[in-house]
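Peer 1: Structure below; questions to follow.
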Amino acid sequence: MDAVTAAPAATHAPSPAPARGGGVLHVALVGNPNTGKSTLFNALTGMRQRVGNYSGVTVERVEGRYRDAEGKPVAVLDLPGTYSLSASSPDEEIALAVLLGRAEGVDTPDVVVIVVDAQNLERNLFLASQVLELGIPAVIALNQVDAALAAGIRVDPVELTLELGAPVVATVATRGEGLDLLKQAVNRTAALPPATRQFELPAEAAAALEPVDACLVRGGFNPSAAAMESLRLLAVTQIGPHLAHVPGLAPAVETARAAVEAAGLSPRALEAEARYGWIADVVERTTSRTHSAKKSLTERVDAVVLHRVWGPILFVLLMALVFQSIFSWAEPMIGWVEGVFSLLGGAVGGALPEGDLRSLLVDGVIAGVGSVLVFLPQITILFLFIGILEDTGYMARAAFIMDRFMRSVGLHGRSFIPLLSGYACAVPGVMSTRVIENPKDRLATILVLPLMSCSARIPVYTLLIGAFIPPVAVAGIFNLQGLTLLAMYLLGTLTALAMAAVFKKTLLKGRARPLIMELPPYRLPSVRSLALSVGHRASMFLRKAGTVILSLSIVLWALATYPKTHPTPGLSEDAAQEEQLAHSALGRLGHAIEPAVRPLGYDWKIGVGIVSSLAAREVFVSTMGTIYGVGSADETSGDLRQKLQRERDPRTGMIAYTPLIAVGLMVFYVYAMMCMSTVAVVIRETGGGRTGVQWAAFQFAYMLALAYGSAFLVYRVGLLLGFG
Amino acid sequence: MDPQMMQTLVVGLIVLAALAYVGRRAWRTVAAARTPKDGGCGSDCGCGH
Chain A
2 MDAVTAAPAA THAPSPAPAR GGGVLHVALV GNPNTGKSTL FNALTGMRQR
52 VGNYSGVTVE RVEGRYRDAE GKPVAVLDLP GTYSLSASSP DEEIALAVLL
102 GRAEGVDTPD VVVIVVDAQN LERNLFLASQ VLELGIPAVI ALNQVDAALA
152 AGIRVDPVEL TLELGAPVVA TVATRGEGLD LLKQAVNRTA ALPPATRQFE
202 LPAEAAAALE PVDACLVRGG FNPSAAAMES LRLLAVTQIG PHLAHVPGLA
252 PAVETARAAV EAAGLSPRAL EAEARYGWIA DVVERTTSRT HSAKKSLTER
302 VDAVVLHRVW GPILFVLLMA LVFQSIFSWA EPMIGWVEGV FSLLGGAVGG
352 ALPEGDLRSL LVDGVIAGVG SVLVFLPQIT ILFLFIGILE DTGYMARAAF
402 IMDRFMRSVG LHGRSFIPLL SGYACAVPGV MSTRVIENPK DRLATILVLP
452 LMSCSARIPV YTLLIGAFIP PVAVAGIFNL QGLTLLAMYL LGTLTALAMA
502 AVFKKTLLKG RARPLIMELP PYRLPSVRSL ALSVGHRASM FLRKAGTVIL
552 SLSIVLWALA TYPKTHPTPG LSEDAAQEEQ LAHSALGRLG HAIEPAVRPL
602 GYDWKIGVGI VSSLAAREVF VSTMGTIYGV GSADETSGDL RQKLQRERDP
652 RTGMIAYTPL IAVGLMVFYV YAMMCMSTVA VVIRETGGGR TGVQWAAFQF
702 AYMLALAYGS AFLVYRVGLL LGFG
Chain B
4 MDPQMMQTLV VGLIVLAALA YVGRRAWRTV AAARTPKDGG CGSDCGCGH
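Heads up: the protein sequence lines correspond to chains A and B, in order.
Heads up, my numbering is the position in the first sequence plus 1, with the first residue counted as 1.
Heads up, my numbering is the position in the second sequence plus 3, with the first residue counted as 1.
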């Protein structure tokens with residue numbers, strides 16, 4: 002493709018970069034959101050990635066490595082997506098601190114790669130122009146040139162190189178095009194002099210800023226970075242923690258603002274006017290448009306997807322299809338995994354002599370961990386769909402569609418992204434509420450966020466749906482199992498919005514503000530990026546199964562096995578096992594809990610499952626797996642669902658678990674906050690100490706009351722309607 | 004030592020190790036809630052952090 006070329010400055014640079022400590026070249030990737038920055042990062046580093054947090058803040062830090070053509074290591078840091086270096090949000094603050102070499106525990110970059118979307122050059126060049134002034138060697142990755150060409154936009158990389166004073170490499174990160182040239186440019190750019198400011202400020206403004214520049218230079222900044230900072234500081238309200246040590250800076254900025262105002266200029270608008278004025282000229286000289294009046298594909302699709310009526314309907318239909326696929330596609334794979342664990346149980350059972358060790362391995366470890374691991378296919382499929390929806394650009398449209406509902410309940414539009422994260426896991430969701438500036442909006446979002454159905458609930462839902470909801474067709478194309486799963490997700494989401502409305506009208510009164518967001522163009526997802534993100538999620542699930550769930554399965558097995566009792570003579574093997582289970586520590590604990598859960602239709606086994614799942618929701622499934630492993634003489638049947646279907650109430654001899662009980666139990670899990678990691682992060686994010694504990698306790702209590710009350714209502718109303 | 008006793012001993016050790024792991028994780032979760040810097044997100048919470 003002819004657009005994928007490198008400017009001469011990139012490819013004919015004099016010599017390779019002199020790498021610092023340990024021979025590693027440190028590269029930082031910076032760019033606006035939706036420029037394909039993360040895709041470029043994935044394409045450069047592949048599987049060699051490490052995810053953590055920046056010291057002292059909850060902004061995600063993603064690092065990776067690759068080797069250049071000569072085999073030398075290059076460390077790449079993917080900075081958070083940001084529109085500018087204004088430092089008005091934690092993400093922007095971190096990006097600026099890293100680029101200035103003032104982020105604790107982060108190496109100062111040798112080279113910055115500024116990822117620029119060729120379709121939105123004007124907006125992207127604002128950040129690029131700020132970064133170029135920091136005095137760090139920089140390369141521009143002009144990304145998505147294919148989509149720009151398709152939209153009739155052609156950017157000349159050579160002209161852009163001359164305008165910016167930094168090498169420009171055209172790339173298509175999704176297809177890996179231009180990456181070799183980009184790596185060459187990175188390697189050679191560190192030896193080139195950094196770019197400088199390419200536009201002039203009005204003379205009065207330049208004079209007014211001189212004392213601020215001097216102040217910053219005395220504080221250790223290079224003159225170019227000092228000039229960028231002083232211009233930026235005119236428009237911001239706080240100077241930021243990375244400048245706190247610079248003596249006399251705040252009064253100098255105040256004096257400069259007064260001088261700029263006295264010259265008839267606006268301190269707040271000066272930087273935007275100066276940069277955008279220059280950017281408009283650059284775009285004019287480097288870009289040609291062959292755009293026809295015909296609407297682009299994105300515009301035509303959006304006419305339907307964002308329609309006031311069709312948009313929400315399409316959203317729900319899409320979700321219904323996703324949840325249906327989770328059941329229909331995963332079922333054969335679940336059968337295989339169950340078969341493997343059944344064979345494993347049989348093999349271990351046959352190889353070891355009868356005794357406690359065999360019981361621990363077969364009934365505790367294999368039955369407990371296996372009962373959770375069988376849901377790996379469904380979790381993988383769900384995250385594959387989420388990845389596809391994100392990568393195609395649909396998820397941003399979903400946020401736009403949901404914003405209308407968010408505002409109607411008084412939540413800020415920015416709350417949607419943390420709530421969306423809650424579908425994967427509430428912990429990062431709660432952390433990401435930091436992007437919400439208003440403390441009341443933020444607290445309301447934290448309080449309702451765990452109502453969004455996280456991935457830990459999937460094993461519980463799918464166990465119960467698979468066992469008790471028949472796979473009958475609905476309206477020809479849907480099945481009842483998929484629709485039940487969708488209903489659980491919708492119930493959680495709608496309740497979260499309803500509870501947010503309650504909180505915003507009572508405890509946390511405040512006005513809702515609209516969301517301003519960018520809708521990226523539709524594009525085909527990258528198979529590599531999808532595989533990486535799904536693989537990451539699957540490995541997290543496997544790690545959890547191999548650590549927390551394995552340990553708890555062993556502990557629960559011990560509680561379900563000891564103390565031992567002598568079986569009543571004449572009982573069948575199954576009845577003797579059941580008697581032993583009832584006399585065990587777990588059985589006694591369960592019977593003590595039973596009066597509290599009986600009104601919901603649950604027996605002591607479910608009660609124990611609920612209590613043990615306080616550690617993590619999936620533990621409910623492994624607990625049931627262990628209980629039915631210990632309480633059954635059959636060591637080869639790995640299908641927990643069949644065991645639950647066959648369970649009889651010892652008092653009545655009737656079927657113990659009915660579809661009504663299963664639905665009530667799912668509703669309980671939609672609402673109950675059974676996750677200690679979330680409780681801990683809520684304590685911290687709501688202020689820590691006594692205040693944090695009070696908010697977390699309030700949240701736990703209201704969600705438990707909601708769970709218990711709703712499960713009670715479902716069961717009792719269901720009985721009255723004859724569904725028992 | 005007879006095989007049954009051996010099995011009981013091994014089981015005891017495994018259960019103790021599991022208890023120690025669960026206890027350590029519980030302690031780390033509580034400690035993390037009190038310490039602002041590291042957060043309450045355990046490496047096995049499933050969120051990927």
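The beta carbon of each residue, even a glycine, is placed where N, CA and C say it ideally should be.
If you draw a straight line from the alpha carbon of Gly-588/A to that of Ile-594/A, how long is it in whole angstroms?
Peer 2: Locating residue 588/A in the first sequence gives position 587, where the first residue counts as 1. Locating residue 594/A in the first sequence gives position 593, where the first residue counts as 1. Taking the straight line joining both Cα atoms gives about 10 Å.
Peer 1: Report the option in Gly-369/A, Leu-163/A, Ala-167/A whose CA atom is closest to the CA atom of Gly-136/A.
Peer 2: The residue you call residue 136/A lines up with position 135 of the first sequence. Considering only alpha carbons, the answer is Ala-167/A.
Peer 1: Taking the alpha-carbon of Glu-579/A as reference, which of Gly-630/A, Ser-527/A, Pro-596/A has the nearest alpha-carbon?
Peer 2: Working through the first sequence from its first residue, we reach residue 579/A at position 578. The candidate whose alpha carbon is nearest that of Glu-579/A is Gly-630/A.
Peer 1: Give me the DSSP bridge partner(s) of Phe-479/A.
Peer 2: Here residue 479/A corresponds to residue number 478 of the first sequence, with the count starting at 1. For Phe-479/A, which the question treats as bridged, DSSP gives the partners Val-475/A.
Peer 1: Kindly indicate which three-state DSSP category Thr-256/A falls into: helix, strand or coil?
Peer 2: In the first sequence, the residue the question calls residue 256/A occupies position 255. Helix, per DSSP.
Peer 1: Going along chain B, which residues have a C-beta under 9 Å from Pro-568/A?
Peer 2: Residue numbering aside, residue 568/A sits at position 567 when the first sequence is read from its first letter. Near Pro-568/A there are no residues of chain B at all, since even the closest Cβ is about 18 Å away, more than 9 Å.
Peer 1: Under 7 Å, CB to CB, which of the residues in the region 345–363 of chain A have a partner in chain B?
Peer 2: Cβ contacts with chain B: Pro-354, Gly-356, Asp-357, Leu-358, Leu-361.
Peer 1: Provide the residue span of the alpha helix (DSSP H) that contains Val-431/A, from first to last.
Peer 2: For the purposes of this step, residue 431/A is taken as the residue at position 430 of the first sequence. Note, Val-431/A: alpha helix (DSSP H), 427–432.
Peer 1: Can you pull the chain A neighbours of Leu-22/B, defined as C-beta to C-beta under 9 Å?
Peer 2: Translated into the one-based positions of the second sequence, residue 22/B becomes position 19. Ser-552, Ile-555, Val-556, Ala-559, listed in chain order.
Peer 1: Taking all protein chains shown into account, do 16 or more other C-beta atoms lie within 10 angstroms of the C-beta of Asp-575/A, making it buried, or fewer, making it exposed?
Peer 2: Within the first sequence, the letter at position 574 stands for residue 575/A. Exposed: under 16 other Cβ atoms inside 10 Å.
Peer 1: Specify the secondary structure class of Ala-208/A as computed by DSSP and reduced to three states.
Peer 2: For the purposes of this step, residue 208/A is taken as residue 207 along the first sequence, with counting starting at 1. Helix at Ala-208/A.
Peer 1: Report the partner residues of Ile-684/A according to the DSSP bridge assignment.
Peer 2: What you label residue 684/A is simply residue 683 of the first sequence in a count that begins at 1. Ile-684/A is not bridged to any residue.
Peer 1: Please report how far the alpha carbon of Asn-223/A lies from the alpha carbon of Ala-148/A, in whole angstroms.
Peer 2: Numbered from 1 along the first sequence, position 222 holds the residue referred to as residue 223/A. Numbered from 1 along the first sequence, position 147 holds the residue referred to as residue 148/A. Roughly 38 Å between the two C-alpha positions.
Peer 1: Report the CB separation of Ala-499/A from Leu-420/A in whole angstroms; it is logged as a contact under 8 Å.
Peer 2: What you label residue 499/A is simply residue 498 of the first sequence in a count that begins at 1. What you label residue 420/A is simply residue 419 of the first sequence in a count that begins at 1. Not really, about 13 Å apart at Cβ, beyond 8 Å.
Peer 1: Taking a cut of 7 Å between CB atoms, which residues from the region 657–690 of chain A lie near chain B?
Peer 2: Listed by position, the residues of the region 657–690 of chain A near chain B (Cβ gap below 7 Å) are Met-677, Ser-678, Ala-681, Val-682, Ile-684, Arg-685, Gly-689.
Peer 1: Tell me which residues share the same chain as Thr-109/A and place their Cβ nearer than 6 Å to its Cβ, disregarding the 5 neighbours each side in the sequence.
Peer 2: Here the question's residue 109/A lines up with position 108 in the first sequence. Around Thr-109/A: Gly-102.
Peer 1: Going by the CB atoms, is the gap between Trp-558/A and Thr-627/A shorter than 7 Å?
Peer 2: Translated into the one-based positions of the first sequence, residue 627/A becomes position 626. Translated into the one-based positions of the first sequence, residue 558/A becomes position 557. Contact: yes.
Peer 1: In three-state terms, what does DSSP make of Ile-137/A?
Peer 2: Position 136 of the first sequence, counted from the start, is the residue given in the question as residue 137/A. Correct three-state label for Ile-137/A: coil.
Peer 1: Using three-state DSSP, classify Val-310/A as helix, strand or coil.
Peer 2: Mapped onto the first sequence, residue 310/A falls at position 309. Of the three classes helix, strand and coil, the one that applies to Val-310/A here is coil, per DSSP.
Peer 1: Does Asn-144/A come out as helix, strand or coil in the three-state DSSP assignment?
Peer 2: Your numbering for residue 144/A matches position 143 in the first sequence. Of the three classes helix, strand and coil, the one that applies to Asn-144/A here is strand, per DSSP.
Peer 1: Does the region 438–457 of chain A come close enough to the region 468–482 of chain A to have 3 or more Cβ pairs within less than 8 Å?
Peer 2: Contact fails: fewer than three Cβ-Cβ distances are below 8 Å.
Peer 1: Which residues in the same chain have their Cβ closer than 6 Å to the Cβ of Thr-750/A, if we skip the five residues on either side of it in sequence?
Peer 2: The structure shown does not extend to residue 750/A, since chain A is modelled only from 2 through 725, so no value can be given for it.
Peer 1: Return the chain-ordered list of same chain residues with a C-beta closer than 7 Å to the C-beta of Met-334/A, the five sequence neighbours on each side being excluded.
Peer 2: As a working note, residue 334/A is residue 333 in the first sequence. Hits under 7 Å: Pro-378.
Peer 1: Assuming contact is defined by CB atoms lying nearer than 7 Å, are Thr-11/B and Asp-92/A in contact in what I supplied?
Peer 2: Here residue 11/B refers to the residue found at position 8 of the second sequence. Here residue 92/A refers to the residue found at position 91 of the first sequence. No.
Peer 1: Using three-state DSSP, classify Ser-289/A as helix, strand or coil.
Peer 2: Counted from its first residue, the first sequence places residue 289/A at position 288. If DSSP states are grouped into helix, strand and coil, Ser-289/A belongs with the strands.
Peer 1: Are the Cβ atoms of Arg-618/A and Ala-457/A separated by less than 7 Å?
Peer 2: Sequence index remark: in the first sequence, residue 618/A carries index 617 (1-based). Sequence index remark: in the first sequence, residue 457/A carries index 456 (1-based). Their beta carbons are under 7 Å apart, which means Arg-618/A touches Ala-457/A by this criterion.
Peer 1: Under a Cβ-count criterion, where at least 16 other Cβ atoms within 10 Å of its own Cβ denotes burial, should Leu-721/A be classed as buried or exposed?
Peer 2: Translated into the one-based positions of the first sequence, residue 721/A becomes position 720. So Leu-721/A counts as exposed.
Peer 1: Identify the continuous alpha helix (DSSP H) that holds Pro-419/A and give its terminal residues.
Peer 2: Position 418 of the first sequence holds residue 419/A. Residues 417–422.
Peer 1: Ignoring anything shorter than 4 residues, give me the alpha helix (DSSP H) runs that lie fully in the region 180–256 of chain A, in order along the chain.
Peer 2: Runs found: 180–190, 204–219, 224–234.
Peer 1: Between Ser-554/A and Val-370/A, which are expected to be in contact by the criterion C-beta below 8 Å, what is the C-beta distance as a whole number of angstroms?
Peer 2: Taking the first sequence and counting its residues from 1, the one referred to as residue 554/A is at position 553. Taking the first sequence and counting its residues from 1, the one referred to as residue 370/A is at position 369. About 6 Å; that satisfies the 8 Å criterion.
Peer 1: With distance defined between alpha-carbon atoms, name the residue in Asp-118/A, Val-668/A, Leu-235/A nearest to Gly-493/A.
Peer 2: Here the question's residue 493/A lines up with position 492 in the first sequence. That would be Val-668/A, whose Cα lies nearest to the Cα of Gly-493/A.
Peer 1: Mind checking Ser-56/A: buried by the 16 CB within 10 Å criterion, or exposed?
Peer 2: If you number the first sequence from 1, residue 56/A lands on position 55. Bear in mind that a pLDDT of 45 at Ser-56/A, under 50, signals an unreliable position, so the number given afterwards is only what the model happens to contain. The residue is exposed, with fewer than 16 neighbouring Cβ atoms inside 10 Å.
Peer 1: From this set, Arg-309/A, Leu-234/A, Gly-394/A, which residue's C-alpha is nearest Arg-269/A's C-alpha?
Peer 2: By one-based count along the first sequence, residue 269/A stands at place 268. Looking at the Cα atoms, Leu-234/A is the closest of the given residues.
Peer 1: At the level of alpha carbons, what is the spacing between Tyr-24/B and Glu-94/A?
Peer 2: Here residue 24/B is taken as the residue at index 21 of the second sequence, counted from 1. Here residue 94/A is taken as the residue at index 93 of the first sequence, counted from 1. Going from the Cα of Tyr-24/B to the Cα of Glu-94/A covers about 38 Å.
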